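Residue numbers (our numbering): 322 to 560.
Note that the Cβ used here is the ideal one computed from N, Cα and C, for glycine as well.
Computed from a prediction, not measured in an experiment: that's the story for all the values here.
Below you can see the structure in the form of structure tokens.
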């Protein structure tokens, strides 16, 4: 077996240590990438050249194949783009950002993309919600993950995820994704936020009541569950 030669993707400038690595990255069989290298054609809309050679001019590649790169669709807008380059131009990001979004199932400028020749994936395909940054409207606190928000507020991960997805509440708190603007259609809370003073064990039906009876500020209680406010520790209470 001959030695492995590193190759570079012409479109993204990403370096791969072997044809196999490149094939795995774009979800193609390695013989297809190898064939694209030999014929200066495309594989899944990407062109490759050997890293130990001078970067070729764009005209070297099979332009017919190049123009027929895989169309993609934006999940949020349902807009179809005939190439990653056109999507990048429309969104105002480098083409590499669109490639990274497709490859990693992540967002670029709060937009997600998938290949038009594949079934429309479920929203959960794009990001692991348990690791998505969320913000609590009432406290203004940004949590680096839903798991962290659950630990620090006492609200279950599933309830936070549901609240963020439907713009509703969980334990009387509104959550939304921190990398998106605050939704203007947040559903009103159906009840006050119940909190417990850890030291006394007293449960208050609302933060307003807790603040009135203990002297702690409402903002302090909202920001302190599970923390300190007014000399007391606080925690949210489930029904």
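- A Cβ-Cβ distance of about 15 Å is found for the pair residue 361 and residue 340, leaving them out of contact under the 8 Å criterion.
- Of the candidates 411, 415, 433, the residue whose Cα lies closest to the Cα of residue 397 is 433.
- For residue 344, the closest alpha carbon among the candidates 334, 359, 367 is that of 367.
- About 16 Å separates the beta carbon of residue 476 from that of residue 524, a gap too long to meet the 8 Å contact definition.
- Sequence-distant Cβ neighbours of residue 498 in its own chain, meaning closer than 8 Å and more than five residues away, are 453, 454, 455, 456, 485.
- Contact annotation: residue 494 and residue 459 have beta-carbon atoms nearer than 8 Å.
- Shown here, residue 393 sits in a strand according to DSSP, grouped into three states.
- Contact check for residue 516 against residue 528 passes: the beta carbons are separated by less than 8 Å.
- Between residue 422 and residue 429 a beta carbon distance of about 4 Å is seen, short of the 8 Å cut, so the two are scored as contacting.
- For residue 488, no pairing in a beta bridge is given by DSSP.
- In its chain, beyond the 5 residues on either side, 328, 340, 369, 370, 371 have a beta carbon closer than 8 Å to the beta carbon of residue 358.
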